[in-house]
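Residue numbers (my numbering), protein chains in the order written: chain H, 2 to 381; chain W, 2 to 381. Every residue, glycine too, gets a C-beta built ideally from N, C-alpha and C. Predicted, not measured: the structure shown is a model, and the values here were computed from it.
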DNA sequence: GTCAATACTTGACTCGGGAAAGTAATGGGG
DNA sequence: CCCCATTACTTTCCCGAGTCAAGTATTGAC
């Protein structure tokens, strides 16, 4: 959290994290929330205020019976520090500058003609410079960069073990990017980064367990269980796209059969429509225009996604689920069938789990990357 | 851990837990394993030795280059304290006495003509008396009882929210049993209890994430993720039995379609065989005798289970999976198809996840209950 | 103005754990 | 055989996070 300090009192991290994610809170409320004494919160908050991370808000409305000294809630000074987040896709870099409260303050992107590591690093450098030296003068108050990459990523070491889309194997992205940008870099899998963002700053706030499902050419899932992100022992987790929901379904490129992705991925949908040369967007248009055959393909796809989500819900029992992602441009076509498939396969009380179906703009992926660097900052 | 103490130094719990689950370890090894200083381990171990929970073993083989003082490993005094575990099924109580090391020292059972709460408590009292006052003289060194019940159980309060098999709603089982037995009681869901036992004392030892699948009339799953048991926000988790693996499969009593349980539960198998009056055991005999039609039913069932397990593995990426349970009396018929279904649907590196298929005797469920009370004891 | 109620601060204390130096027990080299 | 390096454990002293209890601050109700 502070450039010099080795490690920081747990209470300070806890206070900062809670104010960050759960908004302005009085010291008393924080103490109750964190199971600490009021004294401990006072002591933890003081240095945070002195260093400009927290501020004391004017007393607002009263809480209880109406008597007593009003609380002075602690709020984040969002301007105290800025964070860059960049999502690296196969053909583009998407970058944002976020403040400490994870609000997007600036964004930019650069095309990526190819995914050579060196080339990506060069372009990344340009993108970061563009973001930090553009209007807003963020450079002076920015020390961290978060990168989101699809594939198998070790966040602890910043190593990209394997990224099929980028054709990368064992790229020490954190080290390389730190040399290239002179920022402290954190690297995370893209879906996990997005999940983190929703967990800290979105619909997952306060949820002990939480799932985020992304629908697109691939179908992915980020999971938070017992308050912690699920990483998977083999570097693999959240592969909802390869949960089999139909033993007699189409073969999947992964070797499985009837995988959600083999039924509901954009490519799979195009294939299932079976009209040569037709693009996904054209299929969407046809379905919206009332083409029943194409509509049935979308119905089956939505149902498969719903089934897959129910599998997640039955297994880990999250308290909230958010469905999102690129492919949800067509989300009006999917949503009712996602919900129907989910309701049918959700067991018992799981069916009551709130399910938000909501497209997230692409920029959100970059915000996820920034969020991961905010986490790294707070925990440091 | 100690009758008087309110809470105990974290290091003491950590040391005791680690020795309990990972066997005799020297103080140095414990310090490394737990990230503590050697001094801290020495201090934590002393009272544990004084109170008879740990003992110092004679130095055995050397580790490193061959010089230096030999280590004196710390081991559990398994006889220091005993624990009763009882699994409550719809027609029987199965009880065991375990030592501190979770070894079964005595066992007994009582039929349960009906599942009235009062009746169950009376029988439970008799069973506990039989176990503690029988040979072995465990009574004096036994203070805790663990109960395992199927259904929705709140371990923290010992409330059985809903148990379909027992027809119980909101039974404060912990309170009732404590009055009845004058032991400190812990209540847990049966599958979670069994999972806990495997996690602390079985194949799941040392695994950060771990799954246990039980196959029988129902099909259940216990999950450990990031070292912690998954409980589910709605009191539901691990419902692998209701993961849908075949959209065109048979309807399930839960309202879903093609649920694993609707294909591979014992009732479902009997139904799929479709010969009036035939029992599950008879179906097993037929299949073993080479009846291809019946064999195909078992093959389909095993495949469905394997698919369901792959769903678990793809989603949470456990480092080990154990398949077990009552129905696995027929496990020779299931196993190859479980493995085949798993391998087909497991994504990427997940397919390398070690999968043990292994019948656990019924007594193990009671041992699971005892394990939960050992955990409660250690954490106290 | 007093009183109760609530929020926050202060200072003394407790206690868990770390650092470093000391003791114990071994094998190997002179 | 005696040192010495090596490893295991113990002791002492200290620090610092967090609690407790008492005190201050700020409000509304009477």
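- Taking CB atoms only, residue 379 of chain H has no neighbour in chain W less than 8 Å away.
- The closest CA to that of residue 238 of chain W, considering only H:313, H:10, H:121, is found on H:313.
- Residues of the region 349-370 of chain W with a Cβ closer than 9 Å to any Cβ of chain H, in chain order: 349, 350, 351, 352, 353, 354.
- Annotated three-state conformation of residue 144 of chain H is strand, per DSSP.
- Residue 371 of chain H sits in a helix when the DSSP states are folded into three classes.
- From the beta-carbon of residue 178 of chain W, no residue of chain H is found nearer than 9 Å; the closest lies around 25 Å away.
- At a beta-carbon threshold of 8 Å, the residues of chain W lying near residue 346 of chain H are 243, 244, 245, 257, 258, 260, ordered along the chain.
- When CB distances to chain H are screened at a threshold of 7 Å, not a single residue of the region 152-167 of chain W falls below it.
- Chain W places a beta carbon closer than 8 Å to that of residue 229 of chain H, counting this residue as a contact.
- Ranked by Cα distance from residue 368 of chain H, the options H:242, H:94, H:341, H:272 are led by H:94.
- Taking a cut-off of 8 Å for Cβ pairs, the region 134-153 of chain H and the region 176-186 of chain H touch, as three or more such pairs fall below it.
- The closest CA to that of residue 271 of chain W, considering only W:176, W:296, W:290, W:117, is found on W:296.
- Considering only beta carbons, no part of the region 131-144 of chain H lies closer than 9 Å to chain W.
- Listed in chain order, the positions of the region 191-216 of chain W with a beta carbon within less than 8 Å of a beta carbon of chain H are 208, 209, 210.
- Against chain H, a Cβ distance below 7 Å from residue 320 of chain W picks out 234.
- Under the DSSP assignment, residue 272 of chain H falls in the alpha helix (DSSP H) whose first and last residues are 267-274.
- Annotation for residue 153 of chain W: no alpha helix (DSSP H) segment contains it, though the beta strand (DSSP E) segment containing it runs 153-155.
- Spatial neighbours of residue 210 of chain H in its own chain (CB-CB distance under 7 Å, excluding positions within 5 residues in sequence) are listed in chain order as 225, 226, 227, 317, 318, 319, 320.
- Residue pairing by DSSP leaves residue 330 of chain H without any beta bridge partner.
- Taking the C-beta atoms as reference points, residue 194 of chain H is found nearer than 8 Å to residue 373 of chain H.
- With respect to the 8 Å criterion, residue 81 of chain W and residue 53 of chain W are classified as neighbours on the basis of their beta carbons.
- The three-state reading of DSSP puts residue 110 of chain H in strand, counting E and B together.
- Check the Cα spacing between residue 70 of chain W and each of W:91, W:76, W:29: the tightest is with W:29.
- Considered as a whole, the region 280-323 of chain W harbours 281-289, 293-317 as its complete alpha helix (DSSP H) runs of no fewer than 4 residues, in chain order.
- Excluding residues up to 5 positions away in sequence, 85, 87, 96, 146, 182, 184 lie with their Cβ nearer than 8 Å to the Cβ of residue 129 of chain H in the same chain.
- In the three-state reduction of the DSSP assignment, residue 229 of chain W falls in the strand class, which pools E and B.
- Here the region 35-50 of chain W makes no contact with the region 321-338 of chain W; the two share fewer than three CB pairs at distances below 8 Å.
- Check the Cα spacing between residue 132 of chain W and each of W:112, W:379, W:106, W:212: the tightest is with W:106.
- Here the C-alpha atom of residue 121 of chain W lies approximately 8 Å from the C-alpha atom of residue 115 of chain W.
- If you draw a straight line from the Cα of residue 292 of chain W to the Cα of residue 304 of chain W, it comes to about 18 Å.
- DSSP links residue 100 of chain H through a beta bridge to H:83.
- Interface annotation, residue 51 of chain W: not in contact with chain H, CB-CB separation never under 8 Å.
- A distance below 6 Å between beta-carbons, with the five flanking residues on each side excluded, links residue 359 of chain W to the following residues of its chain, in chain order: 325.
- By the Cβ-count criterion, residue 219 of chain W is buried, with 16 or more other Cβ atoms from all chains shown falling within 10 Å of its own Cβ.
- When Cβ-Cβ separations below 8 Å define contact, residue 171 of chain H makes no contact with chain W.
- Counted as a single uninterrupted DSSP element, the stretch harbouring residue 76 of chain H is not any alpha helix (DSSP H) but the beta strand (DSSP E) occupying residues 75-77.
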